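Structure (structure tokens):
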């Protein structure tokens, strides 16, 4: 499967998810649903790798994407800001998206997956809540929280359908994407919950950039090692390494320091 085919399939799922979540008023007054293409790629990875793939499995993959969109919508509510129409509708958007994924799973009578995802959502929400707490969290705790937030629901999907062999691949890749976004936020002067926790955990706030760069380097090395051992099509491995995790941040840092 070449890059064009992979992009086309991801785009097709993205469109399906956006259509499922479309609501005119919410789309007008909120940022709309957040659909990360990297996450869609990993939801589709078993399909790309030639595993048996039914309509029910694809519908479940779309449902997991919708769960992430619902959680992301709730994240956009600013706790300390005045309650505006946009903020109120953002809360409603998260609730609306949640209703959509429950409806989709109920339509397939997939009660077991509903239960597993509900448990996973609790775990993800607890980790997200921990990032708002005033207590200092060590850098290892920040890393552990990010892992659960980024991979827990995907792991439930993999385990449920017998695709657990892809967990070792998705973990470093999605962590790479996550911390790459955090590094971009840091360089743009945007303080996220993750960055706030890192700044408090490390001796100096300036160390956060170095920590993120080291984490990106380690995640990419881990992904490369796992892919080397996995009997997967070279084109698919190449897509992951160069389209999902283009490892350029460390080189940029070394160039600046030199």
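Numbering (our numbering), first residue to last: 294 to 551. Backbone N, C-alpha and C fix where the C-beta goes; we use that ideal spot for every residue, glycine too. Nothing here was measured: the structure is a model prediction, and the numbers come from that model.
(Q) Among the candidates 330, 444, 463, whose CA atom is the shortest distance from the CA of residue 414? (A) Taking the chain shown and counting its residues from 1, the one referred to as residue 414 is at position 121. Residue 444 is the option with its Cα nearest to residue 414.
Q. Just checking, does the region 509-527 make contact with the region 461-478 on the three C-beta pairs under 8 Å criterion?
A. yes
Q.
Only counting the same chain, and skipping five residues up and downstream in sequence, which positions put a Cβ closer than 6 Å to that of residue 459?
A. On the chain shown, position 166 is the one that residue 459 refers to. Cβ neighbours of residue 459 beyond the five flanking positions: 338, 451.
Q.
Taking the alpha-carbon of residue 486 as reference, which of 358, 336, 435 has the nearest alpha-carbon?
A. As a working mapping, residue 486 is identified with position 193 in the chain shown. Among 358, 336, 435, the Cα nearest to that of residue 486 belongs to 435.
Q. Do you know how far the Cα of residue 359 is from the Cα of residue 533?
A. For the purposes of this step, residue 533 is identified with residue 240 of the chain shown, where counting begins at 1. For the purposes of this step, residue 359 is identified with residue 66 of the chain shown, where counting begins at 1. Whole-angstrom Cα-Cα distance: 23 Å.
**Q.** Spatially closest choice to residue 529 from 340, 304, 448, by CA coordinates
**A.** Numbered from its first residue, the chain shown carries residue 529 at position 236. Residue 340 is the option with its Cα nearest to residue 529.
Q: Assuming residue 442 contacts residue 421 (C-beta within less than 8 Å), just tell me the rounded distance between them.
A: Along the chain shown, read from residue 1 onward, the residue named residue 442 stands at position 149. Along the chain shown, read from residue 1 onward, the residue named residue 421 stands at position 128. Sure, about 6 Å apart at Cβ, within 8 Å.
Q.
Taking the straight line between their C-alpha atoms, what separation do you get for residue 497 and residue 518?
A. To locate residue 497, count along the chain shown from 1; it is residue 204. To locate residue 518, count along the chain shown from 1; it is residue 225. Using only the alpha carbons, I get a separation of about 32 Å.
Q) How long is the line joining the alpha carbons of residue 438 and residue 480, rounded to whole angstroms? A) In the chain shown, residue 438 corresponds to position 145, counting from 1. In the chain shown, residue 480 corresponds to position 187, counting from 1. Looking at the two C-alpha atoms, the distance is approximately 22 Å.
Q.
Just to confirm before moving on: does the CB-CB distance between residue 516 and residue 501 stay below 9 Å?
A. Within the chain shown, the letter at position 223 stands for residue 516. Within the chain shown, the letter at position 208 stands for residue 501. Result no, Cβ atoms of residue 516 and residue 501 do not sit closer than 9 Å.
Q. Taking buried to mean at least 16 other C-beta atoms within 10 Å of its own C-beta, is residue 503 buried or exposed?
A. Start at 1 with the first residue of the chain shown, and residue 503 comes out as number 210. Burial check for residue 503: the Cβ neighbour count within 10 Å stays below 16, so the residue is exposed.
Q: Using 10 angstroms around the beta-carbon of residue 522, count the other beta-carbons present and answer buried if the total reaches 16, otherwise exposed.
A: Here residue 522 refers to the residue found at position 229 when the chain shown is read from its first residue. So residue 522 ends up on the exposed side.
(Q) What does the alpha-carbon distance come out to for the pair residue 484 and residue 333? (A) Mapped onto the chain shown, residue 484 falls at position 191. Mapped onto the chain shown, residue 333 falls at position 40. Approximately 26 Å, taken between the alpha carbons.
Q. Is residue 339 near the ligand MN, in the sense that its beta carbon is under 8 Å from a heavy atom of that ligand?
A. Because no ligand of any kind appears in the structure shown, any question about the ligand MN cannot be addressed here.
Q | Span of the alpha helix (DSSP H) around residue 339 | A | To locate residue 339, count along the chain shown from 1; it is residue 46. Per DSSP, residue 339 belongs to the alpha helix (DSSP H) from 330-341.
Q. From residue 349 to residue 311, what distance separates their C-alpha atoms?
A. On the chain shown, position 56 is the one that residue 349 refers to. On the chain shown, position 18 is the one that residue 311 refers to. Per the coordinates, the alpha-carbon of residue 349 lies some 18 Å from the alpha-carbon of residue 311.
Q | Same chain only: Cβ atoms within 7 Å of residue 449, ignoring 5 sequence neighbours per side | A | Counting from 1 along the chain shown, the entry for residue 449 is found at position 156. Result list for residue 449: 409, 410, 413, in chain order.
(Q) Judging by CA-CA distance, which residue of 307, 419, 335, 345 is the nearest neighbour of residue 328? (A) What you label residue 328 is simply residue 35 of the chain shown in a count that begins at 1. Nearest to residue 328 by alpha-carbon distance, out of 307, 419, 335, 345, is 307.
Q. Whose C-beta lies closer than 6 Å to the C-beta of residue 465 among residues of the same chain, with five residues either side of it excluded?
A. Position 172 of the chain shown, counted from the start, is the residue given in the question as residue 465. Correct list, in chain order: 512, 515, 516.
Q) residue 494 and residue 431: beta carbons closer than 9 Å? A) Position 201 of the chain shown, counted from the start, is the residue given in the question as residue 494. Position 138 of the chain shown, counted from the start, is the residue given in the question as residue 431. A contact, by the Cβ cut-off of 9 Å.
Q | The alpha helix (DSSP H) enclosing residue 529, as first and last residue numbers | A | Walking along the chain shown from the start, residue 529 turns up at place 236. Residues 527-532.
(Q) Going by DSSP, what residue range makes up the alpha helix (DSSP H) through residue 413? (A) What you label residue 413 is simply residue 120 of the chain shown in a count that begins at 1. That run of the alpha helix (DSSP H) goes 404-423.
Q: Using alpha carbons as the reference points, say which of 355, 299, 440 lies closest to residue 313.
A: Numbered from its first residue, the chain shown carries residue 313 at position 20. Out of 355, 299, 440, 355 has the C-alpha closest to the C-alpha of residue 313.
Q: Would you tell me roughly how many angstroms separate the C-alpha atoms of residue 463 and residue 508, rounded to the nearest one?
A: As a position in the chain shown, residue 463 is number 170, starting the count at 1. As a position in the chain shown, residue 508 is number 215, starting the count at 1. Straight-line Cα distance between these residues: approximately 15 Å.
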